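The next block holds one structure in the form of C-alpha cells; read it before the comments.
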Amino acid sequence: MGWWNSLAGGRPERSPDGNGRPGRFRDAGAVPGDTQAAIAELSQVVRDNPDAVEIYLALGNLYRSHGEIERAVQIRQNLIVRPGLGKDIQAKTWFELGRDYKRGGFLDRAQNAFEQARKLGGDNEAIVAEMARLTADSGDHEQAARHYARLGNPVAEAHHLVRLATAHFADGRQAQGYKWLRKALKAHAGSLEAWLELMHQAMLEDNWRELGHHLARGLDSVRPDQRFVLLEGLLDAAKVRELGPGAATHVDKPFQYHPPKALTAVALPLLERHDDDLLLQFYAAWMVCGDDPEAARRWLERTLVLNPGFWPARLELLALDTQGQQLGESFRTQLDFFVQRARELKRFVCRRCGLKREQVFFVCPRCKSWHSIKYRTVLNE
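Numbering-wise (this note's numbering), the sequence shown opens with residue 1 and increments by one.
Next comes the structure, spelled out in C-alpha cells:
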C-alpha cells in the first residue's frame with residue numbers, strides 16, 4: 001500500500017545503501033521556494049472545500065516544514081476526530097502526526113502516534129522505518145532491532161543488537177552481552193560491529209588466542225572491501241586500552257601508535273593469508289613499524305605491487321627512507337611537516353555521498369547509508 005505517495009507527490013526516499021531499504025522520507029507537500037505563499041494558497045483551497053482531506057494533510061506538512069508544529073498537530077487532531085474518516089486516511093493522519101511530534105521533539109507522543117498508524121496500516125514500510133529511527137534515536141535498541149528486522153535490513157538490525165550487548169558488558173553482565181552478540185551475528189554474519197566487540201572483549205581479558213580466532217572468522221565473514229575496519233578498530237581499541245581515551249591526538253594518525261606485541265603476533269599470520277588485500281598489507285606494515293621498520297617496508301612494498309598509486313604506502317615509505325638519511329635541518333623540518341600534514345588527511349569516505357571522515361563510521365552521518373565506508377586509496381576520492 002503506497003498511501004504516502006498521494007500527499008502532493010510525497011514519496012519515500014530510498015537509502016543509497018544498495019539494498020533498497022527505506023532511508024529518509026521527504027515531507028510530503030513540502031515545496032521549495034516561498035512556503036508561506038504555498039500555505040496561504042492551500043489554506044484558501046481548504047476553506048473553499050472543507051472535505052478535501054488530502055489537501056488538509058498537505059497543508060499540515062507545509063506547516064511542519066515551516067516549523068509551525070502546533071498548527072500542523074492541530075490539523076491532524078481535527079482530522080482524527082472527524083466522523084466517517086476511512087481507515088486508510090486515519091492511518092495516514094496518525095503517521096503524519098507522529099512525524100509532527102518527532103519534529104517538535106515530543107518523542108513519546110511520536111511513538112504513540114506511529115503505533116496507532118501501524119495498528120491501522122499494518123507493517124507499512126514507511127511507518128516501520130519511522131518507528132525504527134525513532135526507537136534508535138531514543139536508545140531503545142531492542143525495539144530498533146526488531147523494526148529493522150521487519151524492514152529486512154539485517155545490517156541495521158545487527159548494529160542495534162551489538163549496542164544492546166555493549167550495554168550489558170558495561171554493566172558487568174557478560175553472559176547477556178555474548179548472547180546479544182550471537183544474535184547479531186545470526187542476523188548478519190558480516191556485522192563489523194559484532195566482530196569488533198568480540199575482539200574487544202577478548203582483548204580486555206588478555207585472551208589473545210581468542211582474539212585471533214575472532215579476527216580470522218571476522219576477516220572471512222565481512223565484505224572484503226571492509227576488512228580494514230576490523231584492523232582500524234583493533235588498533236584503536238588497543239590504543240585506548242594502553243594509553244586511555246585521552247591519548248595525545250598524534251597517535252590517532254597512521255603509523256604513530258605501535259600496538260602490543262601480543263596483538264601483532266596473532267594478527268600478522270592472518271593478514272599474511274590475505275596477500276591480495278591491499279589494505280590488510282598496509283595495516284600489517286603499521287603494526288610492525290615500531291619494532292621492525294624493515295619488515296614494515298616489505299609489507300608496504302607489497303601494497304605497491306598491488307596498486308602502484310596507493311598514496312598512503314608511498315607516504316610511509318618516504319618517512320622510512322628519511323629516517324637514516326643525512327638531511328639538512330631545514331629540509332628535514334619541512335619534510336617532517338608535510339609528512340605529518342599528509343597523515344592528517346581524512347582517510348575514510350562514504351561510497352554513497354562522498355562524505356569524508358577521519359574516524360570509522362558504521363552509518364554515514366550525512367546520507368544514513370549503512371556500512372558504506374571506504375578507505376581513500378587515491379587522493380581525489
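No residue lacks a Cβ here, since even glycine has one placed at the ideal position from N, Cα and C. Note that this is a predicted model, so its numbers are computed, not measured.
Terminal residues of the beta strand (DSSP E) in which K374 lies:
I373 to Y375
Y56 versus L97, K183 and A285, residue with shortest Cα-Cα distance:
L97
Specify the secondary structure class of V349 as computed by DSSP and reduced to three states.
strand
I'd like to check one pair, A216 with L270: are the Cβ atoms closer than 8 angstroms?
yes
Span separating the alpha-carbon of D232 from that of D137:
The question names Asp, but residue 232 is Glu in the sequence shown. Their Cα atoms are separated by approximately 26 angstroms.
According to DSSP, simplified to helix, strand and coil, what is R302?
helix
Mapping DSSP to helix, strand and coil, what is V415?
The structure shown does not extend to residue 415, since the chain is modelled only from 1 through 381, so no value can be given for it.
Using CA atoms only, rank isn't needed, just tell me which of L335, G246, L161 and E197 is closest to K186.
L161
In its own chain, which residues sit with a C-beta less than 8 angstroms from the C-beta of D123, not counting the 5 before and 5 after it?
R150
Quick check on the burial criterion: 16 or more other C-beta atoms within 10 angstroms. Buried or exposed for N382?
The structure shown does not extend to residue 382, since the chain spans only 1 to 381, so no value can be given for it.
Continuous alpha helix (DSSP H) assignments of at least 4 residues falling wholly in the region 43-115:
53-65, 69-80 and 87-104
Give the straight-line distance between the Cα atoms of H214 and A237, rounded to the nearest whole angstrom.
15 angstroms
R64 and R103 - do their beta-carbons sit closer together than 8 angstroms?
yes
Would you tell me roughly how many angstroms separate the C-alpha atoms of D321 and A175, rounded to the nearest one?
49 angstroms
Would you kindly work out how many angstroms separate the C-alpha atoms of G244 and R343, rounded to a whole number?
22 angstroms
Length of the line joining the Cα atoms of F338 and E197
35 angstroms
Outcome for A267 when other beta-carbon atoms lying within 10 angstroms are tallied against a minimum of 16
buried
CA-CA distance, K179 and A165?
8 angstroms
Environment of G10 [buried if 16+ CB atoms lie within 10 Å]:
Legend: pLDDT at G10 = 38, less than 50; position of this residue unreliable, value from coordinates given subsequently. Answer is buried; the Cβ neighbour count reaches 16.
Give me the residue from G121, L120 and E115 with the minimum Cα distance to Q143.
E115
Between which two residues does the alpha helix (DSSP H) holding K253 run?
From DSSP, K253 is part of no alpha helix (DSSP H); its letter is neither H nor E.
In whole angstroms, what separates the C-alpha of A113 from that of W94?
5 angstroms
Where does R21 land, buried or exposed, given buried means 16+ other C-beta within 10 angstroms?
Caution is warranted here: a pLDDT of 41 is assigned to R21, below 50, making its placement in the model unreliable, and the coordinate value is therefore given only provisionally. Classification of R21: buried, given that the 10 Å Cβ count is 16 or more.
Excluding the five sequence neighbours on either side, which residues of its own chain have a C-beta within less than 8 angstroms of the C-beta of P260, listed in chain order?
A238 and E242
Burial state of A28, where buried means 16 or more other Cβ atoms lie within 10 Å:
In this predicted model, A28 has a pLDDT of only 40, less than 50, meaning its place in the structure is not dependable; the value taken from the coordinates is given anyway. So A28 counts as buried.
Confirm, please, whether the CB-CB distance from D277 to P224 is below 8 angstroms.
yes
Between V73 and the rest of its own chain, which residues show a CB-CB distance below 6 angstroms, the 5 nearest in sequence each way excluded?
D100
What separation, rounded to the nearest whole angstrom, lies between the Cα atoms of K397 and R76?
Because the chain spans 1 through 381 in this model, residue 397 falls outside it and cannot be assessed.
Can the beta-carbon of Q226 be found less than 8 angstroms from the beta-carbon of H371?
yes
Hey, how far is the Cα of A202 from the Cα of W195?
11 angstroms
Inter-residue spacing [alpha-carbon to alpha-carbon] between A145 and A158
7 angstroms
Starting from S221, trace the alpha helix (DSSP H) both ways and give me its first and last residue.
W208 to S221
For V81, count neighbouring Cβ atoms within 10 angstroms of its own Cβ and tell me buried if that reaches 16, exposed if not.
exposed
Alpha-carbon spacing of L230 relative to R182, whole angstroms:
18 angstroms
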